[in-house]
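Enquirer:
In our numbering, the protein residues as written are 14 to 276.
(1) Along the chain, where does the alpha helix (DSSP H) containing residue 39 start, and where does it finish?
(2) In terms of residues, what are the limits of the alpha helix (DSSP H) holding residue 68?
(3) Could you say which of 181, 264, 157, 23 lies nearest to residue 79 if we only look at CA atoms?
(4) Hey, out of 214, 201, 158, whose CA is closest to residue 230's CA?
(5) Suppose you measure from the CA of residue 150 to the CA of residue 271; what does that come to, to the nearest Å?
(6) Is it buried or exposed for residue 100, if we count other Cβ within 10 angstroms and need 16 for buried?
(7) Nearer than 8 Å: is that true of the beta carbon of residue 116 relative to any heavy atom of the ligand FAD?
(8) Just the Cα atoms here: how many angstroms apart are residue 90 and residue 134?
(9) Pull up the distance between the alpha-carbon of residue 162 and that of residue 235, whole angstroms please.
(10) Count the other C-beta atoms from every protein chain shown that fall within 10 angstroms of the C-beta of residue 198, then say buried if there are 16 or more, exposed otherwise.
(11) Look at residue 246 and residue 156 and say whether their C-beta atoms are less than 9 Å apart.
(12) DSSP has residue 277 in a bridge; who is on the other side?
(13) Among 194, 207, 117, 226, which has the Cα closest to the Cα of residue 214?
(14) Compute the beta-carbon to beta-carbon distance between residue 266 and residue 241, rounded to the nearest angstrom, for a pair I have assumed lies under 8 Å.
(15) Nearest to residue 273 by CA position, among 181, 111, 243, 148, is which residue?
(16) Inspect the beta-carbon positions of residue 186 and residue 170 and report whether they are closer than 9 Å.
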């Protein structure tokens, strides 16, 4: 018998199943659905949601993405939680993909990283509440040419942070456009800095709340006004532009600071 995929995606309704199938396909995960829906989606069928969660929480899965209400997920996983170091990462996503919530084993188990991955697939807002991440209030938007080396990207990030008057350790995440999902140098740079990467879908750049300055390259090739500055502004909460669009060694970056009245 072949080993089960490390990630399972589970849903309870037909609407949730459609989004769950998309997430499972992108993640290379196993899809679990109620028996009446399973055949139509080529999914693993289940009859009892509680029993299925018990199976998925037994240690054979590294992570679970649940497309359903947060309250349901909390009740389903609570009896099976043992340790944040050994429990599978759990991410909850609502049926229309507005939010991807890191629910259990956020930092140690990888749910925070998975929430960002799901958000990059669905266009959702990742919801991360662990203190380490929550207390960082700077987001760096970044664009680069295909094949840009990791070292060049790291130098641009470090230099940009210096120009903005912050340390790279103060960054909460990096943000870029959907077309950069497989950019090896960017992925490696984020990993070496221990930063999450959020990739925004094309539709996000049409946000009417922002009036971006259009640049020829992104408009011509991607149909969006820009990558670095729009990505930083769109990925942050209550952003204030700290470093406008800046080109460093062919890498384009911008940095915003998240502003909160109580901080």
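Glycine included, every Cβ here is placed at the ideal spot set by N, Cα and C.
Expert: On the basis of the coordinates in this document:
(1) For the purposes of this step, residue 39 is taken as residue 26 along the chain shown, with counting starting at 1. Run containing residue 39: 27-40, per the alpha helix (DSSP H) assignment.
(2) Here residue 68 corresponds to residue number 55 of the chain shown, with the count starting at 1. Residue 68 -> alpha helix (DSSP H) spans 62-69.
(3) On the chain shown, position 66 is the one that residue 79 refers to. When each option's Cα is compared against that of residue 79, the closest is 23.
(4) For the purposes of this step, residue 230 is taken as the residue at position 217 of the chain shown. For residue 230, the nearest C-alpha among the options comes from 158.
(5) In the chain shown, counting from the first residue as 1, residue 150 sits at position 137. In the chain shown, counting from the first residue as 1, residue 271 sits at position 258. In a straight line, the C-alpha of residue 150 is about 5 Å away from that of residue 271.
(6) Position 87 of the chain shown, counted from the first residue, corresponds to residue 100. The residue is buried, with at least 16 neighbouring Cβ atoms inside 10 Å.
(7) The ligand FAD is not part of this structure, which contains no ligands at all.
(8) By one-based count along the chain shown, residue 90 stands at place 77. By one-based count along the chain shown, residue 134 stands at place 121. Going by the C-alpha atoms only, they are around 24 Å apart.
(9) Sequence index remark: in the chain shown, residue 162 carries index 149 (1-based). Sequence index remark: in the chain shown, residue 235 carries index 222 (1-based). When rounded, the distance between both Cα atoms is 22 Å.
(10) In the chain shown, counting from the first residue as 1, residue 198 sits at position 185. Label assigned to residue 198: buried.
(11) Here residue 246 corresponds to residue number 233 of the chain shown, with the count starting at 1. Here residue 156 corresponds to residue number 143 of the chain shown, with the count starting at 1. Cβ distance not < 9 Å, so residue 246 and residue 156 don't count as in contact.
(12) An answer regarding residue 277 cannot be provided, because it is not within the stretch 14 to 276 covered by the chain.
(13) Sequence index remark: in the chain shown, residue 214 carries index 201 (1-based). The residue with the shortest Cα to Cα distance from residue 214 is 194.
(14) For this step, residue 266 is matched to residue 253 along the chain shown. For this step, residue 241 is matched to residue 228 along the chain shown. Indeed, because the Cβ distance is near 5 Å, the residues count as touching under 8 Å.
(15) Along the chain shown, read from residue 1 onward, the residue named residue 273 stands at position 260. When each option's Cα is compared against that of residue 273, the closest is 148.
(16) Position 173 of the chain shown, counted from the start, is the residue given in the question as residue 186. Position 157 of the chain shown, counted from the start, is the residue given in the question as residue 170. Not a contact, by the Cβ cut-off of 9 Å.
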